[in-house]
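One structure is given here, and the rest of the page talks about it.
Written as structure tokens, this is what we have:
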């Protein structure tokens with residue numbers, strides 16, 4: 000039964016003091032205690048009743064609530080018979096730990112609440128236990144190794160009459176039961192993914208209930224079974240890559256056995272997720288090898304040879320790729336502390352989906368590497384796209400994020416940002432280095448725009464980067480000398496490294512924190528250097544026009 004049902008039962012005399020957004024938690028039992036540490040008697044899901052005899056002063060509330068939250072209890076109900084109103088320090092502690100708190104009126108005995116909960120929970124369990132045990136056994140013997148997630152979802156459909164889908168973090172359907180029939184509409188999938196990511200970022204425990212139109216869905220997170228330390232990791236490291244199980248049902252009133260069954264389903268699907276991740280290893284390694292050759296200035300013949308090796312893996316049955324595109328992505332979090340490269344790599348493997356690809360594996364034609372905070376995708380274009388001669392072939396930046404913008408924005412919340420840049424298609428190994436630089440320039444253009452999720456393509460570089468080679472040499476020299484010579488002279492005299500500081504500051508899009516971290520400087524030292532740059536040049540690095548002038552001067556020098 001749900002906490003909401005308890006609150007709606009007038010005879011129980013419960014008054015909600017905090018945790019209104021957690022009322023859909025399931026109550027699996029009840030326990031009465033006045034121990035300071037009742038953890039050894041808790042297994043999770045209980046409604047804990049207490050007369051507050053353990054509380055001697057305000058300092059006792061925080062450790063008591065912390066113990067209950069760690070044990071996974073559903074809620075705390077404090078009696079008013081002894082102390083009157085529930086102490087404010089207990090209310091605040093419950094808010095901090097997202098633990099719902101009820102006040103029990105002095106006229107209501109704890110025994111009344113206990114009897115009601117036990118009667119409800121026992122009745123729900125009685126009719127479901129034997130059948131659930133059998134279903135769980137069948138699923139464990141017919142898991143992903145026997146045919147992928149669809150096998151497990153089909154059992155949910157035939158045995159429990161549940162329509163269910165596995166979705167990626169962007170809402171892309173990965174699997175569905177036969178009972179589910181057609182795939183979810185794209186707008187419904189995107190909304191479910193967005194709700195799931197938003198709930199995960201706020202720390203709410205699944206399953207999450209979402210109403211879309213008149214239909215209720217319950218969302219169960221699918222976490223990688225290979226992450227042994229996942230519980231201790233920052234949620235931002237995994238939230239943008241975890242799958243979810245969407246079930247067309249309201250799981251709020253389900254008994255514990257059925258919820259346990261669905262948790263077992265997510266574990267089985269997680270095994271399949273890990274298998275597919277392992278299959279990407281070869282493509283990632285190919286991308287890393289090609290990227291290293293391109294960035295180190297290897298001979299085009301050597302790069303071309305490596306591409307010939309990669310093409311059969313990335314384009315099975317289609318031979319060599321006549322054209323290639325490069326996509327650069329960066330995921331950045333306020334405050335730092337999280338390596339953005341692996342997160343961006345997982346995202347690119349998800350959103351760079353070829354809509355013409357059939358079968359369960361949608362990313363078998365994408366190779367993504369990461370270096371530092373950046374992820375770089377090498378995307379081969381088959382012959383059908385090459386007919387356009389590269390002018391309009393392949394991926395378009397405007398369309399790249401159209402279907403995934405809302406879910407990713409929810410996952411990035413208020414402290415993350417995703418920016419992408421897309422190159423034009425190139426037809427030879429000689430063009431890859433330029434394509435990489437082009438994609439990086441486009442990403443910087445996207446970073447200058449507002450919004451949590453932004454992309455820019457090579458078409459948008461025509462106004463500056465692509466025109467630089469046509470600027471007369473004397474104009475280039477005069478322009479760069481006016482802006483950069485004062486800084487170079489100062490660096491020579493004082494070894495102040497103003498030029499490297501300027502390059503890093505622009506590359507970090509004017510972020511003081513990220514730039515200081517990159518240069519291993521205190522923020523105050525960075526501010527002093529930027530102030531010196533502005534003093535020597537008469538420019539203001541908080542103005543977009545002056546940033547652009549410095550950017551162009553560095554590119555032309």
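In my numbering, the protein residues as written are 0 to 556. We put the CB at the ideal spot given by N, CA and C, even for glycine.
field: Minimum C-alpha distance to residue 84 - residue among 67, 68, 94 and 102
entry: On the chain shown, position 85 is the one that residue 84 refers to. Answer by Cα proximity: 102.
message: Between 238, 65, 165 and 376, which has its C-alpha nearest residue 271's C-alpha?
response: On the chain shown, residue 271 is found 272 positions in, with the first residue counted as 1. Among 238, 65, 165 and 376, the Cα nearest to that of residue 271 belongs to 165.
- prompt: Considering only residues of the same chain and omitting the five flanking positions on each side of residue 428, which have a CB-CB separation below 7 Å?
  reply: Locating residue 428 in the chain shown gives position 429, counting from the first residue. Cβ within range, chain order: 299, 302, 303 and 306.
- prompt: By Cβ distance below 6 Å, which residues in the same chain neighbour residue 347 in space, the five residues on each side in sequence not counted?
  reply: Here residue 347 is taken as the residue at index 348 of the chain shown, counted from 1. Cβ within range, chain order: 328, 367, 374 and 376.
- prompt: What residue from 546, 370, 486 and 94 has the CA that sits closest to residue 340's CA?
  reply: Here residue 340 is taken as the residue at index 341 of the chain shown, counted from 1. Of the candidates 546, 370, 486 and 94, the one whose C-alpha sits nearest the C-alpha of residue 340 is 370.
field: Expected contact under 8 Å - CB spacing of residue 51 and residue 75 to nearest Å
entry: In the chain shown, counting from the first residue as 1, residue 51 sits at position 52. In the chain shown, counting from the first residue as 1, residue 75 sits at position 76. Contact doesn't hold; Cβ gap of about 10 Å is too wide.
task: Count the other C-beta atoms from every protein chain shown that fall within 10 angstroms of the C-beta of residue 78, then say buried if there are 16 or more, exposed otherwise.
output: Reading the chain shown from its first residue, position 79 is the one you call residue 78. It is buried - the Cβ of residue 78 has at least 16 other Cβ atoms within 10 Å.
- request: Using beta-carbon positions only, say whether residue 310 and residue 330 come within less than 7 Å of one another.
  value: The residue you call residue 310 lines up with position 311 of the chain shown. The residue you call residue 330 lines up with position 331 of the chain shown. Against a cut-off of 7 Å, the Cβ pair of residue 330 and residue 310 comes out as no contact.
query: For residue 216, which beta-bridge partners are listed by DSSP?
result: As a working mapping, residue 216 is identified with position 217 in the chain shown. For residue 216, the pairing in a beta bridge is given by DSSP as 209.
message: For residue 110, tell me which candidate among 54, 208 and 10 has the shortest Cα-Cα distance.
response: Residue numbering aside, residue 110 sits at position 111 when the chain shown is read from its first letter. Answer by Cα proximity: 10.
message: List, from N- to C-terminal side, the alpha helix (DSSP H) runs of 4 residues or more that fit wholly inside the region 489-556.
response: Counting only runs of 4 or more, we get 497-506, 511-518, 522-536 and 543-555.
query: Does the distance from the C-beta atom of residue 208 to that of residue 263 stay below 7 Å?
result: As a working mapping, residue 208 is identified with position 209 in the chain shown. As a working mapping, residue 263 is identified with position 264 in the chain shown. No, they are not a contact pair.
Separation of residue 423 from residue 437, as counted between CA atoms: In the chain shown, residue 437 corresponds to position 438, counting from 1. In the chain shown, residue 423 corresponds to position 424, counting from 1. Cα-Cα distance, rounded: 8 Å.
- prompt: Quick one, which of 556, 170 and 514 has its alpha-carbon nearest residue 218's?
  reply: Reading the chain shown from its first residue, position 219 is the one you call residue 218. Among 556, 170 and 514, the Cα nearest to that of residue 218 belongs to 170.
message: Buried or exposed, going by whether 16 or more other CB atoms sit within 10 Å of the CB of residue 408?
response: Walking along the chain shown from the start, residue 408 turns up at place 409. Of the other Cβ atoms in all chains shown, 16 or more fall within 10 Å of the Cβ of residue 408; this residue is therefore buried.
message: Could you compute how far the alpha carbon of residue 391 sits from the alpha carbon of residue 378?
response: Taking the first residue of the chain shown as 1, we reach residue 391 at position 392. Taking the first residue of the chain shown as 1, we reach residue 378 at position 379. Confidence is the limiting factor: at residue 391 the pLDDT is only 46, short of 50, which leaves the residue's position unreliable, though a coordinate-based value still follows. Between residue 391 and residue 378, the C-alpha separation is close to 15 Å.
- prompt: How close, in whole Å, do the beta carbons of residue 57 and residue 20 come, if the pair is a contact with beta carbons under 8 Å?
  reply: In the chain shown, counting from the first residue as 1, residue 57 sits at position 58. In the chain shown, counting from the first residue as 1, residue 20 sits at position 21. Not quite, the Cβ-Cβ distance comes to about 25 Å (not below 8 Å), so this is no contact.
task: Give the range of the beta strand (DSSP E) segment to which residue 563 is assigned.
output: Residue 563 cannot be examined here, being either before or after the span of the chain that is shown, 0 to 556.
- request: Take the Cβ of residue 372 as the centre, count every other Cβ of all protein chains shown within 10 Å, and call the residue buried at 16 or more, exposed below.
  value: Taking the first residue of the chain shown as 1, we reach residue 372 at position 373. A residue is called buried once 16 or more other Cβ atoms fall within 10 Å of its Cβ, and residue 372 is buried on that count.
task: Assign residue 356 to one of two classes, buried (16 or more other C-beta atoms within 10 Å of its C-beta) or exposed (fewer than that).
output: As a working note, residue 356 is residue 357 in the chain shown. With a pLDDT of only 43 at residue 356, under the threshold of 50, the placement of this residue in the model should not be trusted; the figure read from the coordinates follows. Flag for residue 356 reads exposed.
- prompt: Looking only at its own chain, which residues have a Cβ that is under 7 Å from the Cβ of residue 36, when we skip the five neighbours before and after it?
  reply: Counting from 1 along the chain shown, the entry for residue 36 is found at position 37. Same-chain partners within the cutoff: 66.
message: Taking the alpha carbon of residue 312 as the reference point, which residue from 325, 332 and 286 has its own alpha carbon closest?
response: Here residue 312 refers to the residue found at position 313 when the chain shown is read from its first residue. Ranking 325, 332 and 286 by Cα distance to residue 312 puts 286 first.
Cβ neighbour criterion (16 or more within 10 Å) applied to residue 421: In the chain shown, counting from the first residue as 1, residue 421 sits at position 422. So residue 421 ends up on the buried side.
query: With contact counted as at least three CB pairs below 8 Å, one residue from each stretch, are the region 154-165 and the region 173-192 in contact?
result: yes
Per-residue DSSP class, three states only, for residue 365: The residue labelled residue 365 in the question sits at position 366 within the chain shown. Coil at residue 365, not helix or strand.
task: Identify which residue in 203, 202 and 191 has its Cα closest to the Cα of residue 215.
output: As a working note, residue 215 is residue 216 in the chain shown. Nearest option by C-alpha distance: 191.
- prompt: Buried or exposed: where does residue 324 fall if 16 or more other Cβ atoms within 10 Å of its Cβ makes it buried?
  reply: Residue 324 sits at position 325 when you count from the first residue of the chain shown. When all chains shown are included, residue 324 counts as buried.
message: Just to confirm my understanding: we take residue 415, look at its own chain, exclude 5 residues before and 5 after, and list those with CB closer than 6 Å. What are they?
response: Walking along the chain shown from the start, residue 415 turns up at place 416. Excluding residues within five positions, the ones whose Cβ falls inside 6 Å are 332.
- prompt: Under 7 Å between C-beta atoms, does residue 423 make it to chain D?
  reply: Considering every chain present, this structure includes no chain D. It has just one protein chain.
CB-CB length for residue 193 against residue 449, believed under 8 Å: In the chain shown, the residue the question calls residue 193 occupies position 194. In the chain shown, the residue the question calls residue 449 occupies position 450. With 8 Å as the limit, residue 193 and residue 449 do not qualify as a contact, their Cβ atoms being about 19 Å apart.
Under 7 Å between C-beta atoms of residue 29 and residue 0: As a working note, residue 29 is residue 30 in the chain shown. As a working note, residue 0 is residue 1 in the chain shown. Result no, Cβ atoms of residue 29 and residue 0 do not sit closer than 7 Å.
- prompt: Which word fits residue 38, buried or exposed, when buried means at least 16 other C-beta atoms lie within 10 angstroms of its C-beta?
  reply: Walking along the chain shown from the start, residue 38 turns up at place 39. Around the Cβ of residue 38, a 10 Å sphere holds fewer than 16 other Cβ atoms; the residue is exposed.
- prompt: Which residue from 351, 365 and 434 puts its Cα closest to that of residue 402?
  reply: Residue 402 sits at position 403 when you count from the first residue of the chain shown. Ranking the options by Cα distance to residue 402, first place goes to 351.
field: With 16 other Cβ atoms within 10 Å as the buried cut-off, status of residue 278
entry: Taking the first residue of the chain shown as 1, we reach residue 278 at position 279. Looking at its Cβ environment, which holds fewer than 16 other Cβ atoms inside 10 Å, residue 278 is exposed.
task: Note the first and the last residue of the continuous alpha helix (DSSP H) segment covering residue 350.
output: For the purposes of this step, residue 350 is taken as the residue at position 351 of the chain shown. Per DSSP, residue 350 belongs to the alpha helix (DSSP H) from 339-350.
field: Spatial distance of residue 54 from residue 34 (CA atoms)
entry: Here residue 54 refers to the residue found at position 55 when the chain shown is read from its first residue. Here residue 34 refers to the residue found at position 35 when the chain shown is read from its first residue. Cα to Cα, the separation comes out at about 9 Å.
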